Each structure stands twice: as C-alpha cells, then as structure tokens.
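Quick notes on the structure that follows.
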Amino acid sequence: SFRFEPSVMLSTFESATKVWSGLHRPPLLNPEASLGQVLLHTFSLNPSKVIQIDADTGRSMTNGELQLRAIRMAQNLKELGFCKGDMVSMACANSENVTPLVVGLLINGMPFNTLAPNYGVDDLVHMMKITQPKLVFCDANNYETVQKAVELAVKDKPLVYVFESGEMNGVNKIEDLFKETGREQLFVPPYLGDSRQLLAMILCSSGTTGLPKGVCVSHAHLITMYGNRFPGYNFQLLFNFSPLFWATGVFTLMISLISGLTRLITRKPFSEDWCFELLERFQVDWIFTPPSYAHLLLQHPRVKTANWSNIRLWAMGGSAASEQIRDSIEALLPNGRTSNGLGNSEIGGIAFDLVKRKPGSVGNLLPNIKGKIVDEDGTALDNGVRGELMLKFSEKILGYYKNPEANAESIDDEGWLRTGDIAYFDDEGYLFLVDRKKDMLKY
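At position 175 of the sequence shown the residue is numbered 175 (the UniProt record's numbering), and the sequence of numbers has no breaks.
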C-alpha cells in the first residue's frame, strides 16, 4: 500500500521563536512567471497525456487539447476587448470546458471569483457587488438566478456566457469562445508583471454566520503551493466532488494541472451509488472527500461488495475525521490508506499526516508553511499549550478583496495569518485542532 517514507523530519522547531516550519522546498517552477505561462509549458511537455476525464459523458481531454482550447479562449477574449485585470465571476459545476476557461483566464491575467453553482440571488449579489465583474460564466440551470443577481449587483452590465446551454435561445454560449482563430500556433503568453502581486483568483471565505469575504490568491502563491510534489506521489487518477467554489475543488484542479495528474470530473452531486460507480468504473487511486461522505459510504449495502483495490490514498478534510471512520475505511483498502489534513482558502494546504497517524491530529505542516501558537497578547506558546494558531506561507498572502478592515484584523505586520483556530503542536510537530475562536472558513 501507499506509504510516504521521509529521509528528513517533515517539520522543524525553532525554540527561540517557538515557530514550527514545514520543509523548506524552493519552488521547482518559477513563481515569477504567470501561472498561465507555466501551465502552457507543462502541457507542451506531454501533449498526448489525458489530463481530464468527464465521468458524465465519457469524454477525455489531453494536455494538447486543453492547451489549444485555453489559447483560443485567451485569444477570443482579447478580441472581444477583455484584458489583464478584468474581473470574472464563475458560478458553475465541474463541466468539460471549465478547465480550459480557467487556464485561458490565467493566461490573460483576468482574475476570477468562484461562486457556488447553487447560490441564491442574495449570495450572488453580495459577491458581485464587491467584485463588479465584466464577464460572468454560469450553467444553464442557474442562468436565470445569475441574471437576476447581475441586474441587481453590477453597475456596468457584464457579458454572461452559459456552459452547455443546449437549445437555449438568446444567450451567449461558451462554445463561441473556443472557436478557431487561425493564430493558435503563433501564440506567446503575455508577460503580466509581478506574479507575487498578480491576482489569479478570489475564493469565497465565510463563517458559519456572516457574509462571505473574497480571499485574494496570487499567481506566485499557486505556483509555489502546488508546484512541489512529495516523492511517492505517483498517482494516476484524482477525484473529488467539489466544484471550484470550494478550496478543495481548487486544490484538485491545481494538483492535476501543475503535476500532470489526470482528474476525474462530474457535474452530479455526491450520492453513495454514484460514488461507488465512479470509484470502480474509473479505477480512481486518489480520492478526496469530507469525512461525512466516507461515513455515508460505510453505511451503504454496496460497501461489502465494492472493489476498493485501486484506491491508494483516501484523503479527508473539511471537518474532523474520526479515528473510527478512518479505521473502517482503511480496513477496506487492501492497497491504500487514509489521510487527514487541514487547509483554508487563504493559504491552501496547511497540514497533512503523510507519515503516521496520531489520534486527533491533522498532521505536520506542509512545505513552506510556518506555524505558531499564541496567547491573547500574541506571545508565542510552548509545545502542548493551547492558543490561537497563526500561519505564514513563503509567498505573501494578498488578503481580502476591497476589505481593509478584514485584512487588518486577520493579517499582522509580519504577514502572519490569524486563523481563529484554537490548537496546539506536540513535540513532533503534529498539529491538533481543539476549537474555534471565530467562525469556520470554507474549505
């Protein structure tokens, strides 16, 4: 079964500052480039590699096909007058052309705000009032809701494009943005400036109460976060149900594109039968779910007859994974194991128990992440003492879009993020979450 055997400690402790640090791993990919430039180069190295499989239609897409569609998207948007910095809203499920759209936007330096495809008008209006998009993408089944939100929220009316619009009349169809330009072979991605300040996307982050905030993520942040792979991560097919509204959806997309790992997508929401069918039919070897999905699968009659032999890693996150659920899943995996982790919208992946399980722990800090536990006065605390978890990534966190109050509250002068998590580290650098000081962030 899959095991990660490190040759060095996964995290180290600086006793003077009481700071834990994940492995220092300089980016293998250049964070001074734009992410679109990096991805086009990555695709060109193995153009025949299948990078995406659509479970609903059976269609697959190679790196070469993705590259061509993304270039056409970038060129056609530029032809329509869109340029670097123009804001985009996306409220869509995981359909076939979402990925080439994302890459095309990254190539042009057009930041996008990912919204839940099932958002109601009020939630859409809240975020669109903040971002004021010039371009909006949605699905056929939420088109009317999105149109109402656009009319209420956006001052200068944006173009709205619809994925898989079928027989709908009077709408802009996204397929028009993939039309041949005749200039694809001559395309050179533009230089977009400082990638550490260049906004790639805005993720929605909110508490259990209160309205969402827009988390700003730079091109350099994504390149550094997802451009390093741990040894042994030779998986073939990655899957989770999350659309790009969730940080886990962004995680699987970026891991796929930057690492060249095939990603399985579906528009359908989770159900036990559909999940069983996907795992068996497509031979998924890395799946990411919340623990609640694992619990439902364990209660289903098919659990006793399903073929679990392909799964090498079942990653859980988004809420606490009980030891009982992990034990029950691992008993079904002859060639695999479970993992528990922590992440948020502001940083991405934070901690992961790659080596060994400790009951109640989310694991060690990931590469280029620093963490410390502080008291109410901001004083760093010893191992084993509970306090607020503060985190810092090697790339500067850009903060919250048009929200200086939230930036001042959440990010200190040295770039440390106040997470609102009450936690502690043990003497081996394993992180334990205990409680929330403030509302949960979506992940």
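Every residue, glycine too, gets a C-beta built ideally from N, C-alpha and C. Remember, predicted model here, so these are calculated numbers, not experimental data.
Sufficient close CB pairs (3 or more, under 8 Å) joining the region 331-340 to the region 304-322 | Segments in contact, yes.
Any chance the region 80-87 sits against the region 108-117, with 3 or more Cβ pairs inside 8 Å?
-> yes
Work out the CA separation of N240 and M254 for me, nearest whole Å.
-> The count along the sequence shown starts at 1 and reaches residue 254 at position 254. The count along the sequence shown starts at 1 and reaches residue 240 at position 240. Cα to Cα, the separation comes out at about 13 Å.
In or out: T252 buried (at least 16 other Cβ within 10 Å) or exposed?
-> Position 252 of the sequence shown holds residue 252. It is buried - the Cβ of T252 has at least 16 other Cβ atoms within 10 Å.
DSSP three-state call for E428: helix, strand or coil?
-> The count along the sequence shown starts at 1 and reaches residue 428 at position 428. If DSSP states are grouped into helix, strand and coil, E428 belongs with coil.
With distances taken between CB atoms, is the gap from F270 to I53 smaller than 8 Å?
-> Your numbering for residue 270 matches position 270 in the sequence shown. Your numbering for residue 53 matches position 53 in the sequence shown. Against a cut-off of 8 Å, the Cβ pair of I53 and F270 comes out as no contact.
What distance in whole Å lies between the Cβ atoms of D353 and E388, which are believed to be in contact at a cut-off of 8 Å?
-> Start at 1 with the first residue of the sequence shown, and residue 388 comes out as number 388. Start at 1 with the first residue of the sequence shown, and residue 353 comes out as number 353. Their Cβ separation, rounded to whole angstroms, is 22 Å, which puts E388 and D353 out of contact at 8 Å.
Evaluate N234 with the Cβ neighbour count: other Cβ atoms within 10 Å of its Cβ, from every protein chain shown; 16 or more gives buried, anything less gives exposed.
-> The residue labelled residue 234 in the question sits at position 234 within the sequence shown. That one is exposed.
Leaving out five residues before and five after P47 in sequence, what residues of the same chain have Cβ atoms less than 6 Å from its Cβ?
-> Taking the first residue of the sequence shown as position 1, residue 47 is located at position 47. Here the set comprises N63 and G64.
Exposed or buried, which one is D435 when buried takes at least 16 other CB atoms within 10 Å?
-> Residue numbering aside, residue 435 sits at position 435 when the sequence shown is read from its first letter. Result: exposed.
Determine which residues share a DSSP beta bridge with Q52 and list them.
-> Here residue 52 refers to the residue found at position 52 when the sequence shown is read from its first residue. Bridge partners of Q52: M61 and R263.
7 Å Cβ shell around C216 - same chain, five flanking residues per side excluded | As a working note, residue 216 is residue 216 in the sequence shown. Here the set comprises L199, I202, L398, G399, Y400 and Y401.
Bounding residues of the beta strand (DSSP E) (the contiguous stretch that carries R337) = Numbered from 1 along the sequence shown, position 337 holds the residue referred to as residue 337. Segment R337 to N344, the beta strand (DSSP E) holding R337.
Looking at L124 and A93, is the spacing between their C-beta atoms short of 8 Å?
-> In the sequence shown, counting from the first residue as 1, residue 93 sits at position 93. In the sequence shown, counting from the first residue as 1, residue 124 sits at position 124. No.
According to DSSP, is I107 helix, strand or coil?
-> Within the sequence shown, the letter at position 107 stands for residue 107. The answer is helix: DSSP assigns I107 an H, G or I state.
Test item: CB-CB of A70 and P100 under 8 Å = Counted from its first residue, the sequence shown places residue 70 at position 70. Counted from its first residue, the sequence shown places residue 100 at position 100. Result yes, Cβ atoms of A70 and P100 sit closer than 8 Å.
Using the beta-carbon count (16 or more within 10 Å), is N362 buried or exposed?
-> Within the sequence shown, residue 362 is the residue found at index 362, counting from 1. Sequence check: residue 362 is Val here, not Asn. Result: buried.
G232, DSSP secondary structure in three states | Along the sequence shown, one-based indexing puts residue 232 at 232. Note that G232 has pLDDT 49, beneath the 50 cutoff, so the model's placement of it is unreliable and the number below is only indicative. Here G232 sits in coil by DSSP.
Under a Cβ-count criterion, where at least 16 other Cβ atoms within 10 Å of its own Cβ denotes burial, should G24 be classed as buried or exposed?
-> In the sequence shown, counting from the first residue as 1, residue 24 sits at position 24. First, the residue type needs correcting, since residue 24 is His and not Gly in the sequence shown. By the 10 Å Cβ count, H24 comes out exposed.
Residues that DSSP places opposite C216 in a beta bridge | Working through the sequence shown from its first residue, we reach residue 216 at position 216. In DSSP, C216 forms a bridge with I202.
Specify the secondary structure class of I311 as computed by DSSP and reduced to three states.
-> Here residue 311 refers to the residue found at position 311 when the sequence shown is read from its first residue. If DSSP states are grouped into helix, strand and coil, I311 belongs with coil.
Which two residues bound the contiguous beta strand (DSSP E) that contains V136?
-> For the purposes of this step, residue 136 is taken as the residue at position 136 of the sequence shown. Start and end: L135 to D139.
May I have the straight-line CA-CA distance separating V19 from G371, to the nearest angstrom?
-> As a working mapping, residue 19 is identified with position 19 in the sequence shown. As a working mapping, residue 371 is identified with position 371 in the sequence shown. Roughly 6 Å between the two C-alpha positions.
For T414, which three-state DSSP category applies?
-> The sequence position of residue 414 within the sequence shown is 414, counting from 1. Here residue 414 is Glu; the residue named in the question, Thr, does not match the sequence. Three-state DSSP puts E414 in coil, outside helix and strand.
Could you tell me if N134 is buried or exposed, where buried requires 16 or more neighbouring beta carbons within 10 angstroms of its beta carbon?
-> As a position in the sequence shown, residue 134 is number 134, starting the count at 1. One point to set straight first is that residue 134 is Lys, not Asn, in the sequence displayed. Result: buried.
Are the Cβ atoms of K392 and L366 separated by less than 8 Å?
-> On the sequence shown, position 392 is the one that residue 392 refers to. On the sequence shown, position 366 is the one that residue 366 refers to. No, they are not a contact pair.
What's the gap between the Cα of Y226 and the Cα of L106?
-> What you label residue 226 is simply residue 226 of the sequence shown in a count that begins at 1. What you label residue 106 is simply residue 106 of the sequence shown in a count that begins at 1. About 15 Å.
Apart from the five residues on each side of it in sequence, which residues of its chain come closer than 8 Å, Cβ to Cβ, to L298?
-> If you number the sequence shown from 1, residue 298 lands on position 298. Here the set comprises I325, S328 and I329.
Can you pull the DSSP bridge partners for V374?
-> To locate residue 374, count along the sequence shown from 1; it is residue 374. V374 is bridged to A380 and E388.
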